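Here the structure comes first, spelled out in C-alpha cells, and everything after it is commentary.
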Amino acid sequence: EDQVTQSPEALRLQEGESSSLNCSYTVSGLRGLFWYRQDPGKGPEFLFTLYSAGEEKEKERLKATLTKKESFLHITAPKPEDSATYLCAVQAEDSSYKLIFGSGTRLLVRP
Amino acid sequence: ETGVTQTPRHLVMGMTNKKSLKCEQHLGHNAMYWYKQSAKKPLELMFVYNFKEQTENNSVPSRFSPECPNSSHLFLHLHTLQPEDSALYLCASSQGEQGSGYNEQFFGPGTRLTVL
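Listed in order, the protein sequences are those of chains A and B. So for the first sequence, this note's numbering puts the first residue at 35; every next one is plus one. So for the second sequence, this note's numbering puts the first residue at 2; every next one is plus one.
Right, dumping it as C-alpha cells:
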C-alpha cells in the first residue's frame, strides 16, 4: 500500500536555527514527490516537485532533496514567517491523479 | 480573480439542510479535485474530474454529490450531512492531459464546513 510518513509531527526552532523535515514514502513506482506549505485556515501552497533520486530544488531559505525512500526539506536560517505546516505528497506511476499526503510537520519559528 | 477561488469560505449547516460549495479555477487547467481535510488527518481525495469527466470517486458517501459543468467550475452538493463531515473542504486544479492526470495541483483557500 502506498504510504507517506512525515516527521517530526511538530518542530520548534529559534530564528536562524537551521533544521530539516523528513518525508518517508512507500510507493509502487514514484511519479513525483511534492512539497506544500499550509498556513492556518488556508489551502496548501505549492513549493516543489521532485521526480527522481538525487534531484534538489531551492527556493529562498528552503531546499528539497530526494532519495529512493525519502525526501528532506531543509530550512536554512529560518524566520518567523516560515512558521506553517509543511505537507509532503507522492504520486505513484500507476495513479495519474491521486496524491497521497502525509500528516504534515507543524513548524514554529520563534523570534 | 486569479488562481483557485472557493465560495463560501465558511458554512454552518444543520443535518437536514442542502447546500453547495463552489470552486472556480482561473489557471486554464483541465483537471479539478475535491479534498477533505480533517483535524490531525492527512488530506483525503474525494473526487477527480479530468476534462469534465469524473475519473475518481474515492468511496465517498452519496450525501456528497459533485458536479463539473466545465473545466473551470466544480461544485460539491451537500445534503443530510453528519457532524463528522465537519472539515475544511479544499478544491484543487492541475494541468491534466487527455487520458491522464499529471503535474502539480494548486489549491483554493477552502470552505470551512460545520455540521450541527
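The beta-carbon is built from N, C-alpha and C at its ideal position, and this holds for glycine as well. Small disclaimer: the values here were computed from a predicted structure and weren't measured.
Is the distance from the Cβ of residue i to the Cβ of residue j below 7 Å?
i, j, result
"T6 (chain B)", "G97 (chain B)", "no"
"L81 (chain A)", "Y70 (chain A)", "yes"
"L91 (chain B)", "Q26 (chain B)", "no"
"G138 (chain A)", "V38 (chain A)", "no"
"S52 (chain A)", "T110 (chain A)", "yes"
"L96 (chain A)", "E89 (chain A)", "no"
"L47 (chain A)", "P112 (chain A)", "yes"
Give me, in chain order, the residues of the same chain whose beta-carbon lies closer than 7 Å to that of residue i; leave out the 5 immediate sequence neighbours on both sides.
i, result
"S87 (chain B)", "L114, T115 and V116"
"E105 (chain B)", "S95"
"S66 (chain B)", "H78"
"D116 (chain A)", "R95, I109, L141 and V143"
In chain B, which residues lie with their C-beta within 7 Å of the C-beta of residue i?
i, result
"P42 (chain A)", "Chain B residues near P42 (chain A): none, gap ~14 Å exceeds 7 Å."
Output, in chain order, the set of chain B residues within a Cβ distance shorter than 9 Å of residue i.
i, result
"T83 (chain A)", "N104 and E105"
"G63 (chain A)", "Ordered by position in chain B, no residue passes the 9 Å Cβ test against G63 (chain A), which lies about 14 Å from the chain."
With a threshold of 8 Å on Cβ separation, who are the neighbours of residue i within its own chain once the five nearest residues in sequence on each side are excluded?
i, result
"R10 (chain B)", "P110, G111, T112 and R113"
"G63 (chain A)", "A126, E127 and D128"
"S21 (chain B)", "F76, L77, H78 and L79"
I'd like the list of long-range same chain contacts for residue i, defined as Cβ closer than 6 Å, with 5 residues on each side in sequence excluded.
i, result
"Y50 (chain B)", "M33 and C69"
"A44 (chain A)", "R140"
"V61 (chain B)", "M47"
"K23 (chain B)", "T8 and F76"
Name the chain A residues whose beta carbon is nearer than 7 Å to that of residue i?
i, result
"A32 (chain B)", "Y131"
"T56 (chain B)", "Y131"
What does residue i touch in chain A if you count any residue whose Cβ is under 9 Å from its own?
i, result
"F108 (chain B)", "Y70, Q72, K76, G77, P78, E79 and F80"
What does residue i reach in chain B if we use C-beta pairs closer than 8 Å?
i, result
"S137 (chain A)", "K41, K42 and P43"
Using a C-beta to C-beta distance shorter than 8 Å, which residues of chain A count as neighbours of residue i?
i, result
"V49 (chain B)", "Y131 and K132"
Using 8 Å as the Cβ pair cut-off and three pairs as the minimum, do the stretch 47-56 of chain A and the stretch 101-110 of chain A touch?
In short, these stretches touch, since the Cβ pair count reaches three.
Segment contact, 8 Å Cβ cut-off, at least three pairs: the stretch 49-61 of chain B with the stretch 5-25 of chain B:
Flag = no, the stretch 49-61 of chain B and the stretch 5-25 of chain B do not touch.
Counting only runs that start and end within the stretch 33-76 of chain B, where is the beta strand (DSSP E) found for 3 or more residues in a row?
Runs found: 45-51, 54-58 and 65-71.
Quick one: complete beta strand (DSSP E) runs, 3+ long, within the stretch 50-107 of chain A?
The stretch 50-107 of chain A contains these whole beta strand (DSSP E) runs: 53-60, 64-72, 79-84, 90-93 and 96-100.
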